[in-house]
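Take a look at the structure set out below.
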Amino acid sequence: MKDFNLRAYLAEFIGTFILVFFGTGSAVLYSGASANALLILTVPIVFGLTIVAVYYSIGHISGGHVNPAVSLAMYFDNRISLKDMFLYMFSQLLGALSASALLFALISNIPNAELKTVGLGANGFEKASLMNITLIGAFLTEIILTGIFVFVVLSVSKKENYSSTGGLAIGSVLTLVHFFGIALTGTSVNPARSLAPAIILKLAGLGTALNQVWLFIIAPLLGAVLAVTIYKLMTNK
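Residues in the sequence shown are numbered consecutively from 1, following full-length UniProt numbering.
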């Protein structure tokens, strides 16, 4: 991959753009007090299907991380260099910001779309959570869900374990963690996916998502470290 790192960074930008555009876009379109049930059913499926499409589209170019937590785990598992890890993360954030900005431009013209508080697919806790989860509860939720997700990614993306169904496994687990966490925190498990909408909302003077986004950066990264630690112990590395 070293000879094609520019292609890899571009792939991560495009892949993260697609994931955030469809994933958080569906979260906004189906948000609202009367649509909570539809939100909980629809958004996890959209995220799951999108990551499957992205993985099979760019996985052979960059590995299809589209998530700083995954890139961190891949670095600790010696699959990418420190330089690539940071440039992957930068590309992912740019992709997420671009998608969030485009979503804002589109959805701000829809009268019934919710762009305040936790709008634009931003994550949150306490009053910004459907179930008013506490800060500690949200922190633990994101660590656990990210740990599970990253563990599966590490397991199925290893070259000797690679199969044509790896993308389906990744899509399935992302769907499952969203089903579990969407009513609690909105389900992040991806710092870029959380930070980008919060930044765009702040720039637009809407909501307070940026005040809580630190949790959705730190907790997923800790979850990734936990996942790679367990993975290494289980594989005797």
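Positions of the beta carbon are idealized from the N, C-alpha and C atoms, including for glycine.
Judged by DSSP in its simplified three-state form, ASP77 adopts coil rather than helix or strand. Excluding its 5 nearest sequence neighbours in each direction, LEU49 has C-beta neighbours in its own chain below 7 Å: GLY171, listed in chain order.
Proximity of the region 130 to 146 to the region 52 to 64 falls short of the contact definition, fewer than three beta-carbon pairs being nearer than 8 Å. A buried status is given to PRO197, since no fewer than 16 other beta-carbon atoms sit within 10 Å of its beta-carbon. DSSP places GLY207 in the coil class of the three-state scheme, outside both helix and strand.
Taking C-beta atoms under 8 Å as the contact rule, HIS178 and PHE76 fail to qualify, at a distance of about 25 Å.
Fully enclosed alpha helix (DSSP H) runs of no fewer than 4 residues are not present anywhere in the region 21 to 59. In the structure shown, HIS65 adopts coil according to DSSP, grouped into three states. Shown here for PRO191: same chain residues with a beta carbon closer than 7 Å to its own, the five before and five after excluded, namely PRO68, ALA69, PHE216, ILE217, PRO220, LEU221 in chain order. Proximity of the region 149 to 156 to the region 198 to 217 falls short of the contact definition, fewer than three beta-carbon pairs being nearer than 8 Å. Under the DSSP assignment, VAL213 falls outside any alpha helix (DSSP H); it carries neither an H nor an E label. Taking the C-beta atoms as reference points, GLY223 is found nearer than 8 Å to GLY147. Taking all protein chains in view, the Cβ of THR141 is crowded by 16 or more other Cβ atoms within 10 Å, so the residue is classified as buried. For GLY186, the three-state secondary structure derived from DSSP is coil. Within the same chain, and ignoring the five residues on either side of GLY181 in sequence, the residues whose Cβ sits closer than 7 Å to its Cβ are THR141, LEU145, THR187. Contact between LEU72 and MET85 holds: CB atoms are separated by about 7 Å, below the 8 Å threshold.
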